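What follows is a short report on a single structure.
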Amino acid sequence: MKLSSGTIRLIIPAASLALLLAAVFYMQPRAMSYTGLNLLFNLAIPIALATIAQMLIMSINDLDLSMGTFVSFCACVAATVLQTSPLLGALIFIGAIAVYAGMGMLIHVRDLPSIVVTLGMSFVWGGLAVLLLPSPGGTAPTWARAIMTAKPPLVPMAIIASILIAAVTHYIVMRSSFGVLMRGTGGNDRSVERAGWSVIGIRAATYALAGLFAIFAGIALVGLTTSADANIALRYTLLSIAGVILGGGEFVGGKVSPIGAVIGALTLTLAGSFLSFMRISPDWQIGAQGAILIVVLALRLALNRLEKREKHQ
Amino acid sequence: MSFLPGTPLRQNNDSDRMTEPLKREEVVAARAIKVTFGAVKALDGADLVIHAGECVGLVGHNGAGKSTIVNVINGALSPHEGTLTYGGHPVHGISAARANGVRCVFQELSLCPNLTVNENARIMHAELNGWNWRSRAASLVRSQLQKIFPGHAIDCDSTVDDLSIAERQMVEIAISFAGRNQRPKLVILDEPTSSLDAGLAAQLMAYIRTFINEGGSVLLISHILGEILSTCDRIVVMKDGRVVADRAAKAFDTRSLVEAMGNVVREQEFSRKATARTGAPVLSMPPHPRHGIAFEAYRGEIVGLAGLGGHGQTDALLDLYLEHNSNWWPSRKREIAFVAGDRSLNGTFPLWSILKNLSIASLGQLSSKKMISDSREATLGSGWKRRIEIRTPDMRNRILSLSGGNQQKVLFARALATTASTVLMDDPMRGVDIGTKQEVYEILRTEAANGRTFIWYSTEMDEIRLCDRVYVFREGMIVAELVGDGISETNVLAASFSDGEAA
Amino acid sequence: MTLQKFLTEKPWIWSFVASIIVWITTVLFTGGASSLGLSQAALTFAAFSVIVGIGQMFVITLGPGNIDLSVPATMTLSGTLALKLMDVQDGMILFGLFASIGIGLIIGLGNYILIKLLRIPPIIATLSMSFIVQSVAIWSNRGLRIKPPETLAGFATSGLFGIPNIALVALVLSVIAWVLLEKSIYGRWISAIGQSRFAARMAGIPVDGARLVTYMLCAVLASVCGYLLASFSGGAALNMGSEYLLMSIAVVVVGGTAVAGGNSNIPGIWGASLFMFLVVSMLNTYGFGAGFRLILTGFIIIAVILLAGGHKSHR
Chain E
1 MKLSSGTIRL IIPAASLALL LAAVFYMQPR AMSYTGLNLL FNLAIPIALA TIAQMLIMSI
61 NDLDLSMGTF VSFCACVAAT VLQTSPLLGA LIFIGAIAVY AGMGMLIHVR DLPSIVVTLG
121 MSFVWGGLAV LLLPSPGGTA PTWARAIMTA KPPLVPMAII ASILIAAVTH YIVMRSSFGV
181 LMRGTGGNDR SVERAGWSVI GIRAATYALA GLFAIFAGIA LVGLTTSADA NIALRYTLLS
241 IAGVILGGGE FVGGKVSPIG AVIGALTLTL AGSFLSFMRI SPDWQIGAQG AILIVVLALR
301 LALNRLEKRE KHQ
Chain W
314 MSFLPGTPLR QNNDSDRMTE PLKREEVVAA RAIKVTFGAV KALDGADLVI HAGECVGLVG
374 HNGAGKSTIV NVINGALSPH EGTLTYGGHP VHGISAARAN GVRCVFQELS LCPNLTVNEN
434 ARIMHAELNG WNWRSRAASL VRSQLQKIFP GHAIDCDSTV DDLSIAERQM VEIAISFAGR
494 NQRPKLVILD EPTSSLDAGL AAQLMAYIRT FINEGGSVLL ISHILGEILS TCDRIVVMKD
554 GRVVADRAAK AFDTRSLVEA MGNVVREQEF SRKATARTGA PVLSMPPHPR HGIAFEAYRG
614 EIVGLAGLGG HGQTDALLDL YLEHNSNWWP SRKREIAFVA GDRSLNGTFP LWSILKNLSI
674 ASLGQLSSKK MISDSREATL GSGWKRRIEI RTPDMRNRIL SLSGGNQQKV LFARALATTA
734 STVLMDDPMR GVDIGTKQEV YEILRTEAAN GRTFIWYSTE MDEIRLCDRV YVFREGMIVA
794 ELVGDGISET NVLAASFSDG EAA
Chain G
817 MTLQKFLTEK PWIWSFVASI IVWITTVLFT GGASSLGLSQ AALTFAAFSV IVGIGQMFVI
877 TLGPGNIDLS VPATMTLSGT LALKLMDVQD GMILFGLFAS IGIGLIIGLG NYILIKLLRI
937 PPIIATLSMS FIVQSVAIWS NRGLRIKPPE TLAGFATSGL FGIPNIALVA LVLSVIAWVL
997 LEKSIYGRWI SAIGQSRFAA RMAGIPVDGA RLVTYMLCAV LASVCGYLLA SFSGGAALNM
1057 GSEYLLMSIA VVVVGGTAVA GGNSNIPGIW GASLFMFLVV SMLNTYGFGA GFRLILTGFI
1117 IIAVILLAGG HKSHR
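Going down the list, the protein sequences come from chains E, W and G.
Counting in my numbering, the first sequence runs from 1 upward without gaps.
Counting in my numbering, the second sequence runs from 314 upward without gaps.
Counting in my numbering, the third sequence runs from 817 upward without gaps.
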């Protein structure tokens, strides 16, 4: 049977995750337990959600450099306003989604580079977060804490949540009509427009959806850490981009994979644990993430070349 | 080959007046359409009426106005003059055209490459909404593909990227013909068989006849005259933005069709004598692996590349250029220069002045120790401004302040100002006014006499006639070499239109 | 009409005008007492942004998608390693500088190798590179804070005729960069590449060569900036570069360099860097917190890109 390019794109990230996991289990058999897995992957949930948000933006050929500060802002809202007066907190989140939708429209209408607009927004979100929470603090809403620390039978929460995120976003992005239009806009927006769809509407909706997932990421993060600070998720900008790319997504052309993105986020999280099990100093944690990124991209390039050569013959 | 009764026959060569009353319902009627792009009249009073239940063939050489009139009919272009009606109603725009059942299969593929076949059908057909759209889309596309190309092996769940080019073309054709509640009335096919093999092309032509018999209409554009002659009821020939012939297909044969596309009489005012070849070729390229002729160019020659647009001429020029030009190191001595055809896309640097646009390719001569000398650059600028008559008060004005023709002159001057002994030209005179053209032709002749070699891809017959030797391209390879008096419109047309099946 | 033409051709004027207004507003609040101190601080801190900003500007000039995200990591690594090598010895100052330049060259080369070999967009190539560089910096730093050599620290913190030495260094670098951009063949090349890479290639420009040099140049400027910053602040810190990731892009955008590439200007970087610093101190003086400062910075960037965005629609 001939494999589709989408499947091929998933093979490498899945294989690298499996390989990494096997190495971790080999070195530290105790990790192969309920608690061990939960510890390994707990922090992956907010990263996976942020990666999904970034992936949505990337599916229409844009890039969100404000992801990290926006997730931090959401974490701050969740740890303060949402906890004290849930209604107001919800309103703030709805407003933030509206801002994202507006950002998507603005970028399209004025034909602006998304990198610069989101760069500007990253200062805005950062500022708002500092205003909300000048010094680390706040408390996680009890329900968020309860969800994130839940101990379902047999399979740890982190795994269930990852599978759930992957399944839901796979349905939205890969199966639903909206997902088709969204990826179509990334692939060939002229043909989508020629068929009579409103590209600006599609883009606004995509940005709004990305905002929603980033909000989930913020809440999940606070649920894990119990308190927030304005810089809590700054790394997420780069991690989310790296996660999408690791998971087989591409910068242009609407080629994205939600399952891959979740796997990419898990791989990046696991890379850190892997090194600490290897007894390599945590200094190299970030470097390992970079190295994994490069290796996976090199593998993908090799595979693409092979595929192309087969096609030519 | 079956002809429907009542197909309107129009026996007059000049289409300015209608001779016969219409017997059938008009699907689309474009009358006396004029479209101008700057100084160029793309359409100069063209008429095209398509009735229900007929297949109309549209032929013509490059720049005859084929794609412009197609764009008018499908709503992408608004005509500057003339009337356009769909089923008798004068409406405008892409969505209006779609609502009136006009579908278009474009020459450049317009599917979303990252989506599956079914998903592309979902985008093209808004009626495929609600739950379960995937299976409905699948059955729609599958049954339509089966109807047009029985026995095909396309998996509708595969991504368009994974399909071969032929399969993509098949899918696009099938999606355009498909439709449950909104069946298409007119399908425009622009070179639909360009990447299909003979068997598939025959299947498509057979389906077109079925579609016509069911009351649909098709507008077929193709460089394969055999297809046009055997499939169409009526053939419209365009030239210079006008319809020059509009007759029943059986009134034509290959020969008369080629003649109708060309000019009957033309004085050979520019024709040059074949010069004696001296020494080894300055440039050469092996023939296409399948068959075809090898390319060679000698010192002081003007070599023309002819044929229909997009049949490999530009690729050949790019291959020649990139092979002789390093991407990493600045070359000490430039041997080859390039004049772009699409100015705005790959020629001019829009943020720069005229002078900077002119001097960019010869900075090496203008500088010492890698620093550009302003005075030497200015001298170069004023020299070429005089020589090629760039109409501007100041060479430091922005390049975009110039007219298209003058921008093109700057690009010429850029290449000629270099020390390069060979100049490649990628149809550079498209859309340039006749006065400018004459000036440039004169310079070309002088430069060639001084020993420069020119490789000139042109879509215009008048320019091809200026060349010493001409290679005609078809389907990515050189199919004919014409020399001296052999360089004639008839010969070029005959070589660029294949009369048989697609290769 | 001519004034309008002047302003559209020299968009950097705005950042200077804005800087002066902000400076006056700040000085007025303190009754003129702070004018010298404020100016010196502004020049010093702007100088760091200018040095990294110039490098980033060269890269952005190469056209859409070209951006160097490894700037902060490069700064950190260079600052850390240089101080370690010099080991508080005055005799090693020059050696440290060369080492830091060498680090920049290697990182720039690495960046472009990744871009070219893996055929990945610069943003992800420089990102992966920065992960690795950051790790090397963490590993070599080991939490030790090594002081810069006495003379070097003295140089970095003092001035000449009241103008901070750092600002003078930045000025010299700016002049060199200006000459490169405006007078040299290389400057023409990168501007051409930024406007249309294909047209540049067809005009005979060695596109890959020019891009490689640009990425190396950007990394060298970042590492020189790291060297100076570490000497100025009395030691290297692991987060010393982080602020400059967004700042290096922001000063380029606010300074009036076209984000779509091909157009760049050095004076604008100075205007924007001064402006960014002065806005902060103005808001501080008036008692506004870091939050407002950040929000305002964001709005300024968005406003600038909205105003300058018309550029692209011309094409």
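Note that beta-carbon positions come from the ideal geometry of N, C-alpha and C, so glycine has one too.
These figures come from a predicted structure and were not determined experimentally.
- Message: Counting only C-beta atoms, is isoleucine 1001 of chain G closer than 7 Å to chain W at any point?
- Response: yes
- Item | Cβ of asparagine 427 of chain W within 7 Å of any chain E Cβ | So, interface residue.
- Message: I'd like the list of long-range same chain contacts for aspartate 62 of chain E, defined as Cβ closer than 7 Å, with 5 residues on each side in sequence excluded.
- Response: Ile107, Ser114
- Consider the Cβ of arginine 579 of chain W: report whether some Cβ of chain G lies at a distance smaller than 7 Å. In this predicted model, arginine 579 of chain W has a pLDDT of only 45, less than 50, meaning its place in the structure is not dependable enough to derive any value.
- Message: DSSP three-state label for isoleucine 948 of chain G, please.
- Response: helix
- Task: Taking all protein chains shown into account, decide if methionine 314 of chain W is buried (16 or more other Cβ within 10 angstroms of its Cβ) or exposed.
- Result: Bear in mind that a pLDDT of 38 at methionine 314 of chain W, under 50, signals an unreliable position, so the number given afterwards is only what the model happens to contain. Exposed, since its Cβ has fewer than 16 Cβ neighbours within 10 Å.
- Task: Provide the residue(s) that pair with tyrosine 784 of chain W in DSSP beta bridges, ordered along the chain.
- Result: W:Leu618, W:Glu794
- Cα-Cα, which of W:Phe524, W:Ser489, W:Glu540 is closest to leucine 513 of chain W? W:Glu540
- Message: Would you say lysine 255 of chain E lies against chain B (beta-carbon separation less than 7 Å)?
- Response: Considering every chain present, this structure includes no chain B. Its protein chains are E, W and G.
- Message: Rounded to whole angstroms, what is the Cα-Cα separation between phenylalanine 9 of chain E and asparagine 38 of chain E?
- Response: With the sequence shown as reference, residue 9 of chain E is identified as arginine, and phenylalanine is not the correct amino acid for it. Cα-Cα distance, rounded: 27 Å.
- Going along chain W in order, which residues have a C-beta closer than 7 Å to the C-beta of valine 875 of chain G? For valine 875 of chain G, there are no C-beta contacts with chain W under 7 Å, since the nearest C-beta of that chain is about 17 Å from it.
- From the DSSP output, in three-state form, read off isoleucine 917 of chain G for me. Looking at isoleucine 917 of chain G - three-state DSSP - the assignment turns out to be helix.
- Per DSSP, phenylalanine 651 of chain W is paired with what? W:Leu737
- Under 7 Å Cβ-Cβ, which residues of chain W neighbour serine 198 of chain E? Result: empty, since nearest Cβ-Cβ is about 11 Å, beyond 7 Å.
- Item | Own chain partners of tyrosine 171 of chain E with C-beta closer than 7 Å, once the 5 adjacent residues on each side are dropped | none
- Give the DSSP-derived three-state secondary structure of leucine 1122 of chain G in the structure shown. helix
- Rounded Cβ spacing between serine 535 of chain W and glutamate 504 of chain W (contact assumed at less than 8 Å): 6 Å
- Item | Contact list for alanine 726 of chain W against chain G, beta-carbon separation under 8 Å | The premise fails here: alanine 726 of chain W is roughly 12 Å from chain G at the closest Cβ pair, so nothing lies under 8 Å.
- Is there at least one Cβ from chain W nearer than 7 Å to leucine 20 of chain E's Cβ? no
- Which bits of chain E does asparagine 442 of chain W rub up against, with CB to CB less than 7 Å? Ser177
- Burial state of valine 550 of chain W, where buried means 16 or more other Cβ atoms lie within 10 Å: buried
- Task: Use the C-beta contact count for glutamine 950 of chain G: other C-beta atoms within 10 angstroms, 16 or more gives buried, fewer gives exposed.
- Result: buried
- With a floor of 3 residues, list each beta strand (DSSP E) that falls wholly inside the segment 187–220 of chain E, ordered by position along the chain. Listed in chain order, there is nothing to give.
- Is the distance from the Cβ of leucine 65 of chain E to the Cβ of serine 122 of chain E below 7 Å? yes
- Taking the CB atoms as reference points, tell me whether arginine 555 of chain W and alanine 359 of chain W lie closer together than 7 Å. Result yes, Cβ atoms of arginine 555 of chain W and alanine 359 of chain W sit closer than 7 Å.
- Task: Locate the beta strand (DSSP E) running through lysine 552 of chain W, then write down its first and last residues.
- Result: 547–552
- By how many angstroms is the C-alpha of alanine 204 of chain E removed from the C-alpha of leucine 1090 of chain G? Rounded to whole angstroms, leucine 1090 of chain G and alanine 204 of chain E show a C-alpha spacing of 36 Å.
- With 7 Å as the threshold, decide whether the Cβ of glycine 1078 of chain G is near any Cβ in chain W. It does; some Cβ of chain W falls within 7 Å.
- Task: Give me the Cα-Cα distance between serine 894 of chain G and leucine 209 of chain E, rounded to the nearest whole angstrom.
- Result: 41 Å
- Task: Tell me, please, whether the CB atom of alanine 261 of chain E is closer than 7 Å to any CB atom in chain W?
- Result: So no, alanine 261 of chain E is outside the interface.
- Item | Spatial distance of leucine 335 of chain W from glycine 400 of chain W (CA atoms) | Unreliable positioning characterises leucine 335 of chain W in this predicted model, as indicated by a pLDDT of 47, which lies under 50. The coordinate reading is nonetheless provided below. About 13 Å.
- Query: Does the beta carbon of phenylalanine 274 of chain E sit closer than 7 Å to a beta carbon anywhere in chain G?
  - Reply: no
- Classify valine 320 of chain E as buried or exposed, calling it buried when 16 or more other Cβ atoms lie within 10 Å of its own Cβ. With chain E covering 1 to 313 only, the question about residue 320 of chain E has no answer from this structure.
- Nearest neighbour of leucine 989 of chain G, chosen from G:Trp830, G:Gly871, G:Thr841, G:Lys932 [CA to CA]: G:Gly871
- Report buried or exposed for leucine 19 of chain E, applying the criterion of at least 16 other Cβ atoms within 10 angstroms of its Cβ. exposed
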